[in-house]
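Report on one structure; see the data block that follows.
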Amino acid sequence: MENSDNTEEDINRLTYLQAVYTQQYELISNEIATYSLAQETLLRNKDLLENAKDIEGSNVLMNSGNVFFEAKTGKMDKVLVYVGAGYVLEKTAEEARKFVDERSKETAEMLEKLVKERSKIEQTLLEINYSLSALQSKAQQ
Numbered sequence: 002m003e004n005s006d007n008t009e010e011d012i013n014r015l016t017y018l019q020a021v022y023t024q025q026y027e028l029i030s031n032e033i034a035t036y037s038l039a040q041e042t043l044l045r046n047k048d049l050l051e052n053a054k055d056i057e058g059s060n061v062l063m064n065s066g067n068v069f070f071e072a073k074t075g076k077m078d079k080v081l082v083y084v085g086a087g088y089v090l091e092k093t094a095e096e097a098r099k100f101v102d103e104r105s106k107e108t109a110e111m112l113e114k115l116v117k118e119r120s121k122i123e124q125t126l127l128e129i130n131y132s133l134s135a136l137q138s139k140a141q142q
C-alpha cells in the first residue's frame with residue numbers, strides 16, 4: 002500500500018513538473034518568436050540604411066500601419082531611430098547603421114541563448130515524460 006502511495010505521489014509531482022516546464026517552454030517559444038520578428042525588422046532597417054544613398058530623391062511606397070502612400074525621399078543625411086520606450090533620436094545615417102547593427106548583434110545573441118534554454122527545457126520535458134510514462138505503467142500493474 003505504501004509503495005502505491007509513493008508511486009501516486011511521484012506521478013503527481015512529475016505531472017506538476019511537466020505542467021511547469023511546458024509553460025516555460027511556451028513562454029520561451031513566444032520570446033523567440035518576438036525576438037525573431039525584431040531581428041527581421043532590424044535586418045530590413047540595416048539593409049535600407051546601407052542602401053539609403055540609392056533611394057535619395059526617389060519615389061517610394063511608404064507603409065503607415067495598414068495604409069500605403071507614395072512619397073518622394075529627400076536627402077538622407079539624418080534619420081530618426083527608434084531607441085525604445087517610445088523615444089526616437091536623430092542620428093546620421095552612419096550612426097544609425099552602427100546602432101542598428103549593434104542591436105541586431107544583441108538580438109542574435111539573445112535568440113541564441115533562448116534557443117539553447119528552450120532546448121534544455123525540451124530535454125527535461127522528455128525525461129519527465131519518460132519517467133511519468135514508466136510510473137503510470139507501474140501503477141496500472
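Under the working numbering, the first residue of the sequence shown carries the number 2, and numbering increases by one thereafter.
Just so you know, even glycine gets a beta-carbon here, dropped at the ideal spot from N, CA and C.
Query raised in the report: Got a sec, what are the start and stop residues for the beta strand (DSSP E) residue 76 sits in?
Result: Neither: residue 76 is in no beta strand (DSSP E) and is coded neither H nor E.
Requested in this report: Taking residue 130 as part of the alpha helix (DSSP H), name the residues at either end of that continuous run.
Outcome: DSSP places residue 130 in the uninterrupted alpha helix (DSSP H) bounded by 94 to 141.
Query raised in the report: First and last residue of the alpha helix (DSSP H) that includes residue 53?
Result: 53 to 56
Query raised in the report: Taking DSSP as the reference, what is the three-state secondary structure of residue 30?
Result: helix
Requested in this report: Please classify residue 59: does DSSP put it in a helix, a strand, or coil?
Outcome: Coil, per DSSP.
**Report entry** Inter-residue spacing [alpha-carbon to alpha-carbon] between residue 99 and residue 83
**Finding:** 13 Å
**Report entry** Contact between the segment 107 to 121 and the segment 15 to 24 (3+ Cβ pairs under 8 Å)
**Finding:** no
Query raised in the report: Among 90, 47 and 128, which has the Cα closest to the Cα of residue 103?
Result: 47
Query - Simplified DSSP assignment, three categories, for residue 13 - result: helix
Query raised in the report: If residue 140 and residue 33 are in contact, beta carbons under 8 Å, what's the gap, nearest whole angstrom?
Result: With 8 Å as the limit, residue 140 and residue 33 do not qualify as a contact, their Cβ atoms being about 36 Å apart.
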